[in-house]
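S.K.:
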Amino acid sequence: MKKRIMPLVVALGISTTLLPYAVANGASNSAKIDQEIANMKKMKSAAEQKAKDVQNQLTQVQQEKQETAKDIETLMNQVDSATAKLSGLNVQIENTTEDLEDNAKQLDEAEKRVETRDELLKKRMRIMYENGSVSYLEVVLNSTSFSDFIDRMSALKSIVGQDKEILEANKKDRALVAEKKQQIEKQLAYVKNLYAQTETLKQDLLVKEKAKEVKIASLSAEQQHLEEISSDQEQAIMEYAKKESQLQAKKAADAKAAAAAAAAAASKNSSSFGGSSGGGPATGSGGSMGYPLPKRVALSSGFGGRVDPINGSFAGHTGIDMPSPQGTDIYAAESGTVLVASEWSGYGNCVIIDHGGGVWTLYGHIRNGGIKVSKGQSVKRGEKIAEVGSTGRSTGNHLHFEVRINSKPVNPSSYIGY
Numbered sequence: 001m002k003k004r005i006m007p008l009v010v011a012l013g014i015s016t017t018l019l020p021y022a023v024a025n026g027a028s029n030s031a032k033i034d035q036e037i038a039n040m041k042k043m044k045s046a047a048e049q050k051a052k053d054v055q056n057q058l059t060q061v062q063q064e065k066q067e068t069a070k071d072i073e074t075l076m077n078q079v080d081s082a083t084a085k086l087s088g089l090n091v092q093i094e095n096t097t098e099d100l101e102d103n104a105k106q107l108d109e110a111e112k113r114v115e116t117r118d119e120l121l122k123k124r125m126r127i128m129y130e131n132g133s134v135s136y137l138e139v140v141l142n143s144t145s146f147s148d149f150i151d152r153m154s155a156l157k158s159i160v161g162q163d164k165e166i167l168e169a170n171k172k173d174r175a176l177v178a179e180k181k182q183q184i185e186k187q188l189a190y191v192k193n194l195y196a197q198t199e200t201l202k203q204d205l206l207v208k209e210k211a212k213e214v215k216i217a218s219l220s221a222e223q224q225h226l227e228e229i230s231s232d233q234e235q236a237i238m239e240y241a242k243k244e245s246q247l248q249a250k251k252a253a254d255a256k257a258a259a260a261a262a263a264a265a266a267s268k269n270s271s272s273f274g275g276s277s278g279g280g281p282a283t284g285s286g287g288s289m290g291y292p293l294p295k296r297v298a299l300s301s302g303f304g305g306r307v308d309p310i311n312g313s314f315a316g317h318t319g320i321d322m323p324s325p326q327g328t329d330i331y332a333a334e335s336g337t338v339l340v341a342s343e344w345s346g347y348g349n350c351v352i353i354d355h356g357g358g359v360w361t362l363y364g365h366i367r368n369g370g371i372k373v374s375k376g377q378s379v380k381r382g383e384k385i386a387e388v389g390s391t392g393r394s395t396g397n398h399l400h401f402e403v404r405i406n407s408k409p410v411n412p413s414s415y416i417g418y
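Residue numbering for the sequence shown follows this note's numbering, beginning at 1 and increasing consecutively.
#1: On the premise that Met289 lies in contact with Tyr415, defined as a C-beta separation below 8 Å, what is that separation, rounded to the nearest angstrom?
#2: With Lys384 as the anchor, note down where its alpha helix (DSSP H) starts and where it stops.
#3: What's the gap between the Cα of Asp254 and the Cα of Leu247?
#4: Please state if the CB of Asn349 and the CB of Ile330 are separated by a distance shorter than 7 Å.
#5: Does DSSP put Glu334 in a helix, in a strand, or in coil?
#6: Under DSSP, the alpha helix (DSSP H) around Lys242 begins and ends at which residues?
#7: Could you say if the region 234 to 247 and the region 115 to 128 meet the contact criterion of at least three C-beta pairs nearer than 8 Å?
#8: Look at the alpha carbon of Gln78 and the alpha carbon of Gly376, and state the distance between them as a whole number of angstroms.
#9: So, using beta-carbon positions, are Leu89 and Leu194 closer together than 7 Å?
#10: Measuring alpha carbon to alpha carbon, tell me which residue in Lys172, Ala104, Ser145, Ser154 is nearest Arg117.
#11: Leaving out the 5 sequence neighbours to the left and right, which residues in its chain are closer than 7 Å to Thr391 when beta-carbon positions are compared?
#12: With respect to the beta strand (DSSP E) encompassing Arg404, which residues constitute its N-terminal and C-terminal limits?
#13: Any chance the region 335 to 354 sits against the region 85 to 100, with 3 or more Cβ pairs inside 8 Å?
#14: Quick check on the DSSP output: the beta strand (DSSP E) that includes Asn349 runs from which residue to which?
#15: Reducing DSSP to helix, strand and coil, say where Ala31 ends up.
#16: Straight-line CA distance for Arg381 to Ile371?
#17: Could you check how far apart the C-beta atoms of Gly433 and Glu387 are, in whole angstroms? I think they sit under 8 Å.
#18: So who's on the other strand from Ala298, going by DSSP bridges?
#19: Put Thr361 into one of helix, strand or coil per three-state DSSP.
#20: Take the Cβ of Lys186 as the centre, count every other Cβ of all protein chains shown within 10 Å, and call the residue buried at 16 or more, exposed below.
#21: According to DSSP, is Met289 helix, strand or coil?
#22: What are the boundary residues of the beta strand (DSSP E) that Ile320 is part of?
#23: Using DSSP's beta-bridge definition, name the partner residues of Ser378.
#24: Are the CB atoms of Ala332 and Ile352 nearer to each other than 7 Å?
#25: Per DSSP, what kind of secondary structure is Gly370 in: helix, strand or coil?
#26: For Lys251, which residues of its own chain have a beta-carbon under 7 Å away from its beta-carbon, when the five flanking residues on both sides are left out?
#27: Inspect the beta-carbon positions of Ala110 and Leu176 and report whether they are closer than 7 Å.
#28: Among the residues of its own chain, which have a CB less than 7 Å from the CB of Arg174, if the five just before and after it don't count?
#29: Return the CA-CA distance between Gly396 and Val207, expressed in angstroms with no decimal places.
#30: With a CB to CB cut of under 8 Å and the five nearest residues on each side skipped, what residues in its chain are close to Thr198?
#31: Excluding sequence positions up to five away, which residues of its chain have a Cβ less than 8 Å from the Cβ of Pro325?
#32: Please classify Arg126 as buried or exposed, where buried requires at least 16 other C-beta atoms within 10 Å of its C-beta.
#33: Going by DSSP, what residues sit across from Lys212 in a beta bridge?
#34: Measuring alpha carbon to alpha carbon, tell me which residue in Ser374, Tyr190, Ala169 is nearest Lys112.
#35: Within 10 angstroms of its Cβ, does Val178 collect 16 or more other Cβ (buried), or is it exposed?
#36: Quick one: grab the DSSP three-state call for Ser390.
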């Protein structure tokens, strides 16, 4: 019995000795676990907060981009409005200038007629002075026969009639001269006012273009492209170019009728695909037209429909976009006559060339001061006509290039070897 109790007592003694240690050890592990759990909760909370902060930043950036896109759209509309007004003023200047030139021509012709008649009357007076004063009655009474009398009377009537006609014509022409001079003075004052308005608008347009550039700088690279030329804007410039083409065709026809030599020269300078290219543009394109830039580039937008990268809307694209640094030379893809060389709505600064046979090429978004040709000018294939920019509805430097047949857009890629 004693032997059984002893092991139990020993066991109880050991248990009693180890119990505080076990309890203490268990408490220590629990505290550590609790601490680790607390630390993990803190880390989780911090991670969640960081994720939330990142998400807030992303949301803010996205909102800023959206706001920037809206700001750019607003600026685009302002640029469109200013450019449209500028285009209207340019048309008024052209029309008034044409009327002014016509009035000046009529003035010159009227003054020349008056001068010619005055010279004729002076000659007649000089003859009368040199031969002595002879009355009409004396001329009639000195008739040698009745038939001579009739002849002399007819001659006198003719002379008197001519004098009256000359004096009456001079009276009308002198009145016309005074009228044309007055018209010319008014038109000159009007044109001067139009030019002043144009200059003010150009300065306003430059400010808006600069503001647009600042906004564009805050967008990511893949978003730096926006070009939505409305159908109304496109139709307006095409109608203008069509009228200009018809006017130039009429002038060419008049010149041909006036002189065969002028017709021969015009025929020699007219466009025919496959002409010799200039030294500046890239060659070996494999197309029927010359390449409009110094070197070949990858297109940033092709012909046809596309999704706008900023607002996500689907829109048609009437040309191809060829990204190049600002100021890069632009060359005529083919010989022809310039129809448009001015600011024009969504296209910004724009040049349109008529190559004959209903074929036109269009060069858009030219930099301010970058148009190097004028309306009505004849250009040769490969001749420098402008410089790359980002005016109008554009958010990056590039050449917007179009080919049109009878004013309808066709894919330009095959014409320049893409």
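Glycine included, C-beta positions come from ideal geometry on N, C-alpha and C.
M.R.: On the basis of the coordinates in this document:
#1: Numbered from its first residue, the sequence shown carries residue 415 at position 415. Numbered from its first residue, the sequence shown carries residue 289 at position 289. Taking a contact as a CB-CB distance under 8 Å, the pair Tyr415 and Met289 counts as one, their CB atoms being some 5 Å apart.
#2: As a working mapping, residue 384 is identified with position 384 in the sequence shown. Unbroken run through Lys384 is the beta strand (DSSP E), 384 to 387; no alpha helix (DSSP H).
#3: In the sequence shown, counting from the first residue as 1, residue 254 sits at position 254. In the sequence shown, counting from the first residue as 1, residue 247 sits at position 247. Using only the alpha carbons, I get a separation of about 11 Å.
#4: Taking the sequence shown and counting its residues from 1, the one referred to as residue 330 is at position 330. Taking the sequence shown and counting its residues from 1, the one referred to as residue 349 is at position 349. Cβ atoms of Ile330 and Asn349: not closer than 7 Å.
#5: Here the question's residue 334 lines up with position 334 in the sequence shown. In this structure, Glu334 counts as coil in the three-state DSSP scheme.
#6: The residue labelled residue 242 in the question sits at position 242 within the sequence shown. Note, Lys242: alpha helix (DSSP H), 231 to 258.
#7: Judged by Cβ distances under 8 Å, the region 234 to 247 makes no contact with the region 115 to 128, as fewer than three pairs qualify.
#8: For the purposes of this step, residue 78 is taken as residue 78 along the sequence shown, with counting starting at 1. For the purposes of this step, residue 376 is taken as residue 376 along the sequence shown, with counting starting at 1. One alpha carbon belongs to Gln78, the other to Gly376, and they sit about 29 Å apart.
#9: As a position in the sequence shown, residue 89 is number 89, starting the count at 1. As a position in the sequence shown, residue 194 is number 194, starting the count at 1. Against a cut-off of 7 Å, the Cβ pair of Leu194 and Leu89 comes out as a contact.
#10: Position 117 of the sequence shown, counted from the start, is the residue given in the question as residue 117. The shortest C-alpha separation from Arg117 is found at Lys172.
#11: Position 391 of the sequence shown, counted from the start, is the residue given in the question as residue 391. The residues are Glu209, Gly348, Asn349, His365, Ile366, Arg367, Asn368.
#12: Indexing the sequence shown from 1 puts residue 404 at position 404. Annotation for Arg404: the continuous beta strand (DSSP E) segment containing it runs 398 to 405.
#13: Because the criterion of three Cβ pairs below 8 Å is met, the region 335 to 354 and the region 85 to 100 touch.
#14: Sequence index remark: in the sequence shown, residue 349 carries index 349 (1-based). Counting along the chain, the beta strand (DSSP E) containing Asn349 begins and ends at 349 to 354.
#15: Numbered from 1 along the sequence shown, position 31 holds the residue referred to as residue 31. Ala31 sits in a helix when the DSSP states are folded into three classes.
#16: To locate residue 381, count along the sequence shown from 1; it is residue 381. To locate residue 371, count along the sequence shown from 1; it is residue 371. If you take the alpha carbons of Arg381 and Ile371, they lie about 16 Å apart.
#17: Residue 433 lies beyond the residue range present for the chain, which begins at 1 and ends at 418; the question has no answer from this structure.
#18: Numbered from its first residue, the sequence shown carries residue 298 at position 298. Answer is none; Ala298 lacks a bridge partner.
#19: By one-based count along the sequence shown, residue 361 stands at place 361. When secondary structure is reduced to three states using DSSP, Thr361 falls in the strand class.
#20: If you number the sequence shown from 1, residue 186 lands on position 186. By the beta-carbon neighbour count (other beta carbons within 10 angstroms, threshold 16), Lys186 is exposed.
#21: Counting from one through the sequence shown, the residue named residue 289 turns up at place 289. DSSP places Met289 in coil when its eight states are reduced to three.
#22: Your numbering for residue 320 matches position 320 in the sequence shown. Ile320 -> beta strand (DSSP E) spans 320 to 323.
#23: If you number the sequence shown from 1, residue 378 lands on position 378. Listed as beta-bridge partners of Ser378 by DSSP are Thr337.
#24: As a position in the sequence shown, residue 332 is number 332, starting the count at 1. As a position in the sequence shown, residue 352 is number 352, starting the count at 1. For the pair Ala332 and Ile352, the CB atoms are not nearer than the 7 Å cut-off.
#25: Reading the sequence shown from its first residue, position 370 is the one you call residue 370. In the structure shown, Gly370 falls within a coil segment according to DSSP collapsed to helix, strand and coil.
#26: Position 251 of the sequence shown, counting from 1, holds the residue named residue 251. Result list for Lys251: empty, nothing under 7 Å.
#27: Residue mapping note: residue 110 aligns to position 110 of the sequence shown, counting from 1. Residue mapping note: residue 176 aligns to position 176 of the sequence shown, counting from 1. Yes, they are a contact pair.
#28: Stepping through the sequence shown from its first residue, residue 174 is reached at position 174. Short of 7 Å from the beta carbon of Arg174, and not among the five residues preceding or following it, lie these beta carbons of its own chain, in chain order: Val114.
#29: Locating residue 396 in the sequence shown gives position 396, counting from the first residue. Locating residue 207 in the sequence shown gives position 207, counting from the first residue. Rounded to the nearest angstrom, the two C-alpha atoms are 17 Å apart.
#30: Translated into positions along the sequence shown, residue 198 becomes position 198. Excluding residues within five positions, the ones whose Cβ falls inside 8 Å are Leu86, Leu89, Asn90, Ile93.
#31: As a working note, residue 325 is residue 325 in the sequence shown. Only Val388, Asn397 meet the Cβ criterion.
#32: Counting from one through the sequence shown, the residue named residue 126 turns up at place 126. Sixteen is the threshold: since fewer than 16 other Cβ atoms of the shown chains lie within 10 Å of the Cβ of Arg126, the residue is exposed.
#33: Here residue 212 refers to the residue found at position 212 when the sequence shown is read from its first residue. DSSP links Lys212 through a beta bridge to no other residue.
#34: Walking along the sequence shown from the start, residue 112 turns up at place 112. Minimum Cα distance to Lys112 is reached at Ala169.
#35: Residue numbering aside, residue 178 sits at position 178 when the sequence shown is read from its first letter. Inspection of the sequence shows that residue 178 is occupied by Ala rather than by Val. When all chains shown are included, Ala178 counts as exposed.
#36: In the sequence shown, counting from the first residue as 1, residue 390 sits at position 390. Ser390 carries a coil assignment under DSSP once its states are collapsed to helix, strand and coil.
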